[in-house]
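Read top to bottom, the protein sequences are chains A and B.
Residues in the first sequence are numbered from 1 upward in steps of one, following the UniProt record's numbering.
Residues in the second sequence are numbered from 1 upward in steps of one, following the UniProt record's numbering.
Using N, Cα and C, we set each Cβ at its ideal position, and we do this for glycine too.
There are 2 protein chains.
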Amino acid sequence: MARNTQVAADHAAPPITQILAGFVATHPSRGWSNAVEHEAQRTFLNWAGCAVGAATHEAMRAALAAVQVLQPTAQASVLGRREQVDIASAALLNGISSHTFDFDDTHLLTIIHPAGPVASAALALAEHLDASGRALIDALVLGIDVSCRIGNLMYPEHYDRGWHITGSTGSLGAAAACARLLGLDTHATAMALGIAASQPVGLREQFGTMTKPFHPGAAARAGLTSALLAQHGFTASTRALEAPRGYAQTVSTKCAWHEATDELGERFEISFNTYKPFACGIVIHPVIDASVQLREQGVRAEDIQRIELRVHSLVLELTGKQEPANGLEAKFSVYHGCAAGLIFGRAGEPQFADEIVTRDDVVALRRKVTATVDDSIDEAAAHVSATLADGRRVQVVVEHAIGSLKRPMSDAALEAKFSDQAEPVLGADRTAQLIAACRGIADLPSVRALAALARPAAG
Amino acid sequence: MARNTQVAADHAAPPITQILAGFVATHPSRGWSNAVEHEAQRTFLNWAGCAVGAATHEAMRAALAAVQVLQPTAQASVLGRREQVDIASAALLNGISSHTFDFDDTHLLTIIHPAGPVASAALALAEHLDASGRALIDALVLGIDVSCRIGNLMYPEHYDRGWHITGSTGSLGAAAACARLLGLDTHATAMALGIAASQPVGLREQFGTMTKPFHPGAAARAGLTSALLAQHGFTASTRALEAPRGYAQTVSTKCAWHEATDELGERFEISFNTYKPFACGIVIHPVIDASVQLREQGVRAEDIQRIELRVHSLVLELTGKQEPANGLEAKFSVYHGCAAGLIFGRAGEPQFADEIVTRDDVVALRRKVTATVDDSIDEAAAHVSATLADGRRVQVVVEHAIGSLKRPMSDAALEAKFSDQAEPVLGADRTAQLIAACRGIADLPSVRALAALARPAAG
């Protein structure tokens, strides 16, 4: 019985609310390796590019219009837009935009997209507080540590149950980050986590609708509000995370408590963050990666007679659409991914535009692609071989796609991804300046300068 | 296995998101009996009194201070205060205050406190829209119907799992009420319910902290925001409530779908709403009721030699504190409840003040009370007998306490409860005017007049 399981689980539950609160409140600034620090910059850069990139999307237009009914004060920036809103609404809106293209970051152990809730809340509050870049990055590392550790202790049962784990753990990460920025002590930080624990956000049923990116946004807003409430003396249970009728046991049947505290302050979950190089489901990435490599080896689309893919059955099950009619369908077509990689050498959001998906040369190349199932090949791998008009055959085998933990995106590739997204919104000059600001964020005396760069010029 | 149960349950799931959305969007104004209409007025009056009463509580001070960091525009009223805030924050704050004393209303089948989320969201939005009282009452009836029907289909498993059902169903009720006020069509109303479905609020672990009353407040804010998003074209799953990874199957193992739709538009859940006559746990109510009746029969505290209670074992298990040291402990003391009923003839929030709980005559009478367990007596009943100094013995047996469905509070008693709470905040004159406005709410051309009466005079 569920009730017995809960009680049994609780007997083993350490006081993780207090432990995590103490960690967030007292861990020293930059108390981690250079590698962790570097990953924090990359996480922030990648998040900011995604938020800027989707700033003019229909979901953002709708959300901004709704928020403006509240007549918000101009306290904080909406990345990629000229409007300013109150900090809670800025957290909401930046959380929505950064996840709109499903192109942000992934903590692979839990499939949490950690920056959306945490960075969105932290930047809005930091901008209002006129905090330093150092303080923001500290908040980002600690906030992501909290949400991913809570994810670790519940995954996969919590996700299987139906929760969109990015939003359901995100309010905790956002609360932790904001508590840190506000300088709350351990007790007040525990209150912030406690208030946030009552606000898990997100159902998997929403995938494919605007409410999916709403999840990290609403989690960001909930976490930020929770920290403000705690700062002003609002109270919550001191055992909100671990108690029998607390957060974890209410939203998950798995509660591996040790995940919350193992190597706390030594191992940082942001080290395991990855960034999507391609704007589509992760299962197509190995094929696109191989196709880009073929192109880099000199294979030209016009010389191709046929292309043969060998992939795990899951790839075709999820992305076997042979004749996608538009951009959305193309995200579920391994055939389109292959053609895009060969023709453009990339597969960002622009390469999934409707007019690209239906362009003659793209359609023609796509029709030359055949796929064979081979379950001896790993789900994360792909074999791609091109037969050319002159009879030559060129093959690329990808064991770990670019963007995986084994083959992380280079800093240059991350900047190229950022530019792809930001240039249409901000222009090339401002995009370059914003990249530089994100790169040097830890040394910025005020994050306001960075936020200002993410605002398009007038007109 | 949980996963199999979910799939099995889904096969039987009718499209309740669409059905409820159509009901909320198209049911005619005042399409119910006079009894339902009367209960709607009572629900609103009782809610407003609770919100005004707690307007100066510490939880409200903290919440208001946190919200004011966002520098909200003065769009809507906070009942019992002079501050005005944006409508989403007004929904949050009125939701918090109305549940702070745990003295509001109860839908007994689900122990949902329905007005907190629904009325708080509806009044804030109605005030902003300059809506009529008729529109507000329609929204209240329909919103409460949605949250309580969703509660019916999941109770008790959902509550047992750890959810504070008032908040976890409240965002749906608030979304329905606000969608109705905005005049959304069936599709947009379904989107509002869908967005709200991703935001269940509330853990039972928070009971005893300020986060408990935060739950209806956060649910009110979530529902209101969801309706605004839907109005501006934001999308959600059309099957957000009933899909396998939708709301009900994610937060509950019981999904009795028919509860959502049985007699929809014929039976209204607000008919089953009850109001707490006494500001403490419901299990003490029969004893207080009996004690008040003894007083009304002429029994005077100073003549009492001893009092004997015969109650179900649950009463002493939950409220057996013999020497409460303060107001909070007194809420868990059936002995104090008995003494308060005999001395004051009532047991509102003032009768649980620290200085009352420790007053000599109250302590002296409390010590004359003994309690005996008798499990042949119903949990909702009590036998109270007083032995007087002259040797006489007077007994009162209560089978159904005042405030239960069998013995509802009279309109006069509801007004007295309102006055008890509102007069210390608004003064007697304004309180009387506000009661009259709540009584005549369905005929008010604008709810703004009512909201203005709930604002204390300057100084």
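Return helix, strand or coil for residue i, following the three-state DSSP convention.
| i | result |
| --- | --- |
| threonine 56 of chain A | coil |
| threonine 261 of chain A | helix |
| tyrosine 155 of chain B | coil |
| valine 85 of chain A | strand |
| isoleucine 111 of chain B | coil |
| asparagine 4 of chain A | Because the pLDDT of asparagine 4 of chain A is 37, which lies under 50, any placement of that residue in the model is unreliable, and the number read from its coordinates should be weighed accordingly. DSSP places asparagine 4 of chain A in helix when its eight states are reduced to three. |
| aspartate 185 of chain A | coil |
| aspartate 145 of chain A | helix |
| arginine 267 of chain A | strand |
| aspartate 10 of chain B | With a pLDDT of 48 at aspartate 10 of chain B, under the threshold of 50, the modelled position of that residue is not reliable, and no figure is offered here. |
| alanine 76 of chain B | strand |
| tryptophan 32 of chain B | coil |
| leucine 172 of chain B | helix |
| aspartate 130 of chain B | coil |
| threonine 106 of chain B | strand |
| threonine 235 of chain A | coil |
| leucine 203 of chain A | strand |
| threonine 26 of chain B | helix |
| threonine 250 of chain B | helix |
Within 10 angstroms of its Cβ, does residue i collect 16 or more other Cβ (buried), or is it exposed?
| i | result |
| --- | --- |
| glutamine 41 of chain A | buried |
| alanine 74 of chain A | exposed |
| glycine 133 of chain B | buried |
| aspartate 145 of chain A | buried |
| threonine 372 of chain B | exposed |
| threonine 370 of chain A | exposed |
| alanine 436 of chain B | exposed |
| glutamine 297 of chain A | exposed |
| serine 33 of chain B | exposed |
| alanine 219 of chain B | buried |
Nearest-angstrom Cα distance between residue i and residue j?
| i | j | result |
| --- | --- | --- |
| glutamine 292 of chain A | serine 446 of chain A | Reading off the sequence, residue 292 of chain A comes out as valine, not glutamine. Those two C-alpha atoms are separated by around 39 Å. |
| phenylalanine 398 of chain B | leucine 294 of chain B | Here the sequence assigns valine to residue 398 of chain B, which means phenylalanine is not the residue at that position. Near 11 Å, if we compare the C-alpha coordinates of leucine 294 of chain B and valine 398 of chain B. |
| glycine 31 of chain B | valine 141 of chain B | 10 Å |
| isoleucine 16 of chain B | histidine 27 of chain B | 15 Å |
| glutamine 71 of chain A | alanine 177 of chain A | 26 Å |
| alanine 65 of chain A | arginine 407 of chain B | 48 Å |
| glutamine 421 of chain B | histidine 232 of chain B | 39 Å |
| leucine 136 of chain B | alanine 48 of chain B | 13 Å |
| arginine 430 of chain A | phenylalanine 418 of chain A | 12 Å |
| residue 482 of chain A | isoleucine 284 of chain A | Residue 482 of chain A lies beyond the residue range present for chain A, which begins at 1 and ends at 459; the question has no answer from this structure. |
| glycine 22 of chain B | valine 251 of chain B | 24 Å |
| alanine 413 of chain B | lysine 276 of chain B | 11 Å |
| histidine 258 of chain A | leucine 153 of chain A | 7 Å |
| serine 171 of chain B | isoleucine 19 of chain A | 31 Å |
| lysine 254 of chain B | alanine 175 of chain B | 23 Å |
| isoleucine 112 of chain A | proline 200 of chain A | 14 Å |
| glutamate 58 of chain B | arginine 81 of chain B | 13 Å |
| alanine 454 of chain B | arginine 367 of chain B | 40 Å |
| leucine 328 of chain B | phenylalanine 207 of chain B | 13 Å |
| serine 404 of chain B | threonine 261 of chain B | 26 Å |
| serine 29 of chain A | alanine 196 of chain A | 23 Å |
| arginine 161 of chain A | alanine 432 of chain A | 43 Å |
| alanine 382 of chain A | valine 334 of chain A | 11 Å |
| glutamate 242 of chain A | proline 117 of chain A | 22 Å |
Examine the ligand HEM and report whether any of its heavy atoms sits within less than 7 Å of the Cβ of residue i.
| i | result |
| --- | --- |
| valine 362 of chain A | With respect to the ligand HEM, the structure offers nothing, as it holds no ligand at all. |
Beta-carbon of residue i versus every beta-carbon of chain C: anything under 8 Å?
| i | result |
| --- | --- |
| threonine 235 of chain A | Any reference to chain C falls outside this structure, whose protein chains are A and B. |
Please list the residues of the stretch 187-214 of chain A that have a C-beta atom closer than 7 Å to any C-beta atom in chain B, keeping them in chain order.
Gly194, Ile195, Ala197, Ser198, Gln199, Val201, Gly202, Leu203, Arg204, Glu205, Gln206, Thr209, Met210, Thr211, Phe214
Residue ranges of each alpha helix (DSSP H) run of no fewer than 4 residues wholly in the UniProt domain "MmgE/PrpD C-terminal" (278-437) of chain B, ordered along the chain?
285-296, 313-319, 327-330, 334-344, 354-357, 360-366, 411-426
Scan the stretch 244-255 of chain A for residues whose Cβ lies nearer than 9 Å to a Cβ of chain B and list them as they occur along the chain.
Pro244, Arg245, Gly246, Tyr247, Gln249, Thr250, Val251, Thr253
Contact set between the stretch 343-376 of chain A and chain B, restricted to residues whose Cβ is under 7 Å from the partner
none
According to a CB-to-CB cut-off of less than 8 Å, which residues of the stretch 70-88 of chain B neighbour chain A?
Leu70, Gln71, Pro72, Thr73, Gln75, Asp86, Ile87, Ala88
Of the residues that make up the stretch 144-168 of chain A, which ones have a beta carbon closer than 9 Å to any beta carbon in chain B?
Glu157, Asp160, Arg161, Gly162, Trp163, His164, Gly167
If contact means a Cβ-Cβ distance below 9 Å, which residues of the stretch 115-142 of chain A contact chain B?
His128
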